[in-house]
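The next block holds one structure in the form of structure tokens; read it before the comments.
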Amino acid sequence: MMEKTPDTAGLAGPSVIPAPPSHLPHEIFGMGELPGRAGVSRRDFIKGVIASGAAVSGAAYLTGCVRPTSAMQGTVERLVSLNVNGQIRRVDVLPQETLAMTLRYKLGLTGTKLGCDRAECGACTVLIDGVAHYSCSTLTHRMRGKQVTTIEGLESPSGELHPVQQAMIDELGPQCGFCTPGQIMSGVALLNANPNPTREEARRAMSGNLCRCGAYDHYLNSIMRAARGGRGGA
Amino acid sequence: MLKDMMPHFELFQPSSLENALDLADRLGDDGWALAGGHDSFNSFKNRSTQIHSAIDLAGIAELQGIRETTDGVEIGAMATLTEVERHPLIRERYGLLADAVGQVASPQIRNSGTLGGNVCQDTRCWYYRFGLSCYRAGGNVCYADAPEAMNREHCLFGANRCVAVTPSDAAPALVALDASMVIRSSSGERVVRAEDFFMEPSRDIRRMTVLKPSEILTTIQIPAAWAGAKFYFEKVADRKAWDFALVSVAAAIKVNGNTIEDIRIVCGAVQCIPRRLTAVEQAVKGSPQNEQTAERAGAMAVRGARPLNYNHFKMPLMENLVKRAIRDA
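Going down the list, the sequences are from chains Z and H.
No gaps in the numbering here: position 48 of the first sequence is 48 in this note's numbering, and each next residue is one more.
Take the position in the second sequence, starting the count at 1, then add 1000; the result is the number in this note's numbering.
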């Protein structure tokens, strides 16, 4: 896979800072040059609109982007070295950018899914220093000096699947599969901390990941199988 | 309207508390102190809160860690809920807090959510969260207390224009343990008891705590006075994971023989602040810890409740939780 090749790990490489896909709104990348309304809250703005009967047409209202005209002193340095799946990737990161956005849209690691983008569903779960976190609600700027592991980083260099991944296949864990990367990351975090969990402990560890197909028991079976070293059974 | 991606803000990552306080001073109302960030990011993405600059507290060593002191334990405001839940000292002597924070949201949120952030959360009233111009948002109406309003999650007590409730699971436990909050600003330090830390709408409807924009909650101190007491925490919510409490109860009870010698009992999600049941405490002190006392306490706990259209169910719920706390602690 691309991020495993050492040559692409440095500054060079087209995948580091891709142009925003045209179908995505520009404010994902903070590139929309919108009229500044610094200091005006949305509530105040709505009140203003109601009071004056003005038509709602401003792009700033749509996006809620309050963009200062110039960066203030002392704010974060935008160029960040991220340790993702054991590789150092240099990325230009916006101050407000979440880890999920950086992983998916700047590093091309789209195995990490965005479901709710509100820290509710768990599809974006990644490991930070081995512990499960919602990447949709983690600022990329907090990742300096940390090790991020995504679903792409679980496979061994020889191409062997992680035991939790293999157990997912053996137990037919996923149904539609959208939440699976997040479920796997939660399972891996659990087994890192507690290699021999009870089913109840596993249930609790997986409780931050929603599955709209309702394949919860299948996921639990998979985690328990991985904990048994891949063997079937109770 | 697009309510989606994180809007732009400037980000400051101070490495010392001094720098953070300087920034908080300089930025004033434009600054926003960021702890774990879950509550904040949701508000930003939903455009119900708009900020100019965020002060990230994650890099400040003074705000981290859990330390034993001569009189109890001191928890840095940026200690994560997982750290608090798993800390041997907290588990052994202040199990009430470990139980409470262990029921916050989901594992991932507890891994990055902090104790300081948990007690500083904004309310979950969805009319307010939706960005409507209600009293709390500076307007002049409460959408949750209108005739057609859906107010199943709202308050039983202490309504004052606003009928929102405290969302924190840790808060009732901290009040029951008689914790103190250490607050710093560039001009000094003040210590506020946990029960005085939360703001009633009658005092200031725009704020959930006594924190001012220039102040940062640095430490939560738990005195040894209640270490090793009998504890009871129970949270009832629609879902066992992620969800906020419909009613929660936290109790610390000192029992001698079978007699209740001293007690602090607090309910969450029934008022805008954690509701300490002082009348119940007075009434059960000196009584035996049994079914009868518990029954009496439960009935007393809901006295004076003023339910809204859809939250009558909270009254028997609260009554039963108080009853169980006193009987089963």
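Quick reminder that beta carbons are idealized off the backbone N, C-alpha and C, glycines included.
As the structure is a prediction and not an experimental result, all values here were calculated from the model.
Using DSSP with H/G/I as helix, E/B as strand and the rest coil, what is residue i?
| i | result |
| --- | --- |
| H/Asp1022 | helix |
| H/Gly1095 | helix |
| H/Asn1160 | strand |
| Z/Gly32 | Here the model assigns Z/Gly32 a pLDDT of 36, short of 50, so the residue's position is not dependable, and the following value carries that caveat. Reduced to three states, the DSSP call for Z/Gly32 is coil. |
| H/Ala1105 | coil |
| H/Leu1011 | strand |
| Z/Thr180 | helix |
| Z/Val93 | coil |
| Z/Pro174 | coil |
| Z/Gly48 | Since pLDDT at Z/Gly48 reaches only 45, below the 50 mark, its modelled position is unreliable, and no value is offered. |
| H/Tyr1310 | coil |
| H/Arg1275 | strand |
| Z/Ser81 | strand |
| Z/Gly208 | coil |
| H/Gly1138 | coil |
| Z/Ser186 | helix |
| H/Met1005 | coil |
| Z/Ala9 | Caution is warranted here: a pLDDT of 39 is assigned to Z/Ala9, below 50, making its placement in the model unreliable, and the coordinate value is therefore given only provisionally. Z/Ala9 falls in the helix class under three-state DSSP. |
| H/Thr1114 | strand |
| Z/Pro197 | coil |
| Z/Gly214 | coil |
| Z/Thr98 | strand |
| Z/Ser222 | helix |
| H/Val1182 | strand |
| H/Pro1147 | coil |
| H/Pro1167 | coil |
| H/Gly1268 | strand |
For residue i, which residues in the same chain have their Cβ closer than 6 Å to its Cβ, ignoring the five residues on either side in sequence?
| i | result |
| --- | --- |
| Z/Cys213 | Gln175 and Cys176 |
| Z/Gln183 | Asn209 and Tyr219 |
| Z/Cys211 | Cys179 |
| H/Glu1346 | Chain H is shown only over 1001 to 1329; residue 1346 of chain H falls outside these bounds and no answer can be derived. |
| Z/Gly257 | Within the shown structure, residues of chain Z are numbered from 1 to 234, placing residue 257 of chain Z beyond reach of any answer. |
Who are the near neighbours of residue i in its chain, counting only those whose CB is closer than 8 Å to its CB and skipping five residues on each side?
| i | result |
| --- | --- |
| H/Ala1283 | Arg1296, Ala1297 and Met1300 |
| Z/Ala119 | Tyr134, Cys136 and Ser137 |
| Z/Ser186 | Gly122, Thr125, Ala132, Ala205, Met206, Gly208 and Asn209 |
| H/Ala1024 | Gly1031, Ala1033, Ile1055, Ser1185, Ser1186, Pro1213, Ser1214, Glu1215 and Ile1216 |
| H/Leu1089 | Ile1066, Glu1068 and Val1073 |
Cutting at 7 Å between CB atoms, please list the residues of its own chain near residue i, excluding the five before and the five after it.
| i | result |
| --- | --- |
| H/Arg1091 | Ala1098 |
| H/Phe1041 | Met1006 |
| Z/Gln166 | Gly230 |
| H/Glu1083 | Ile1066 |
| H/Ala1229 | Ala1252, Ile1253 and Lys1254 |
| H/Ala1149 | Tyr1143 and Asn1309 |
| H/Leu1096 | Ala1173, Ala1176, Leu1177, Phe1231, Phe1233, Ala1250 and Ala1252 |
| Z/Thr75 | Pro95 |
| Z/Arg199 | Leu220 and Met224 |
| H/Phe1130 | Ser1048 |
| H/Asp1022 | Ser1186 |
| H/Val1182 | Glu1189, Val1191, Thr1218, Thr1219 and Gln1221 |
Taking residue i and residue j to be in contact with their CB atoms under 8 Å, please state how far apart those CB atoms are, rounded to whole angstroms.
| i | j | result |
| --- | --- | --- |
| H/Ile1222 | H/Ala1179 | 5 Å |
| H/Ala1100 | H/Gly1113 | Not a contact, Cβ separation roughly 13 Å. |
| H/Asn1111 | Z/Ala132 | 6 Å |
| H/Val1175 | H/Arg1276 | 6 Å |
| H/His1154 | H/Ile1109 | H/His1154 to H/Ile1109, Cβ: 23 Å. No contact. |
| Z/Val164 | Z/Ala226 | 4 Å |
| Z/Gly111 | Z/Thr150 | 6 Å |
| H/Thr1166 | H/Ala1269 | 7 Å |
| H/Leu1017 | H/Ile1075 | Not really, about 16 Å apart at Cβ, beyond 8 Å. |
| H/Glu1010 | H/Ser1053 | 4 Å |
| H/Asn1311 | H/Arg1152 | 5 Å |
| H/Pro1274 | H/Val1280 | About 14 Å separates the two Cβ atoms, so there is no contact after all. |
| H/Met1199 | H/Val1210 | 6 Å |
| Z/His162 | Z/Leu154 | 4 Å |
- Query: Using a beta-carbon distance cut-off of less than 7 Å, what residues from the stretch 115-134 of chain Z approach chain H?
  - Reply: Asp117, Arg118, Ala119, Glu120, Gly122, Thr125, Val131, Ala132, His133 and Tyr134
- Task: Return the chain-ordered ranges of every beta strand (DSSP E) run that is complete within the stretch 118-159 of chain Z and spans a minimum of 3 residues.
- Result: Runs of the beta strand (DSSP E) inside the stretch 118-159 of chain Z: 125-128, 131-134 and 147-149.
- Task: Pull out every residue of the stretch 1225-1259 of chain H whose Cβ sits closer than 8 Å to any Cβ of chain Z, in chain order.
- Result: With the criterion set as a beta carbon lying under 8 Å from some beta carbon of chain Z, the members of the stretch 1225-1259 of chain H are Lys1240, Ala1241 and Trp1242, in sequence order.
- Task: Kindly provide the ranges of any beta strand (DSSP E) runs that are 3 or more residues long and lie completely inside the stretch 1027-1098 of chain H, ordered along the chain.
- Result: 1031-1034, 1053-1056, 1066-1069 and 1072-1076
- Query: If you measure beta-carbon to beta-carbon, which residues of the stretch 136-151 of chain Z are closer than 9 Å to chain H?
  - Reply: Cys136, Ser137, Thr138, Leu139, His141, Arg142 and Arg144
- Query: Can you list, in chain order, the residues of the stretch 1008-1033 of chain H whose Cβ is nearer than 7 Å to any Cβ on chain Z?
  - Reply: His1008, Phe1009, Glu1010, Leu1011, Phe1012 and Gln1013
- Item | Proximal residues, the stretch 1090-1115 of chain H versus chain Z, C-beta separation under 8 Å | Ala1105, Ser1106, Pro1107, Gln1108, Ile1109, Asn1111 and Ser1112
- Minimum length 3: unbroken beta strand (DSSP E) runs contained in the stretch 1186-1264 of chain H: Correct list: 1188-1193, 1216-1222, 1230-1236 and 1247-1256.
- Along the stretch 1052-1063 of chain H, what residues have a CB closer than 9 Å to any CB found in chain Z? His1052, Ser1053, Ala1054, Asp1056, Ala1058 and Gly1059
- Query: Going along the chain, which residues of the stretch 72-91 of chain Z sit with their C-beta nearer than 8 Å to a C-beta in chain B?
  - Reply: Among the chains of the structure shown, chain B does not appear; the protein chains present are Z and H.
- Task: Taking a Cβ distance cut-off of 9 Å, strictly less, list which residues of the stretch 96-111 of chain Z are near chain H, in chain order.
- Result: Gln96, Glu97, Thr98 and Met101
- Query: Which residues, in chain order, does the stretch 201-213 of chain Z contribute to contact with chain H at a C-beta distance below 9 Å?
  - Reply: Arg204, Ala205, Met206, Ser207, Gly208, Asn209 and Leu210
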